[in-house]
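Residue numbers (the working numbering): 120 to 193.
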């Protein structure tokens, strides 16, 4: 069974690099980012501004409703 993890800031830079590396190593990667999301076929993407606490709860509820399983959080 694939391990699942969430990476914040995964649309560019270090977060994008980590998302790609984990995907290459067999992880199911979920990316949360506030900026426009690039079309990345290796990760599942959600848009959220983590500086706004009300949006964090909503996006996590959405993610967990789709997953229904344990994740690792980065």
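Virtual Cβ for every residue (Gly too), placed ideally from N, Cα, C. As the structure is a computational prediction, the values presented were derived from the model and not from experiment.
Within 9 Å, strictly: CB atoms of residue 151 and residue 126: Looking up residue 151 in the chain shown gives position 32. Looking up residue 126 in the chain shown gives position 7. Yes; because the gap between Cβ atoms is below 9 Å, this pair is in contact.
Inter-residue spacing [alpha-carbon to alpha-carbon] between residue 185 and residue 176: Against the chain shown, residue 185 aligns to sequence position 66. Against the chain shown, residue 176 aligns to sequence position 57. Those two C-alpha atoms are separated by around 14 Å.
Residue 129, buried or exposed, once every other Cβ within 10 Å from all chains shown has been counted against 16: Position 10 of the chain shown, counting from 1, holds the residue named residue 129. Burial call: buried.
Residue range of the alpha helix (DSSP H) that includes residue 184: For the purposes of this step, residue 184 is taken as residue 65 along the chain shown, with counting starting at 1. Counting along the chain, the alpha helix (DSSP H) containing residue 184 begins and ends at 172 to 186.
Assigned secondary structure, residue 169 (DSSP; H/G/I helix, E/B strand, else coil): Indexing the chain shown from 1 puts residue 169 at position 50. Residue 169: coil per DSSP, three-state reduction.
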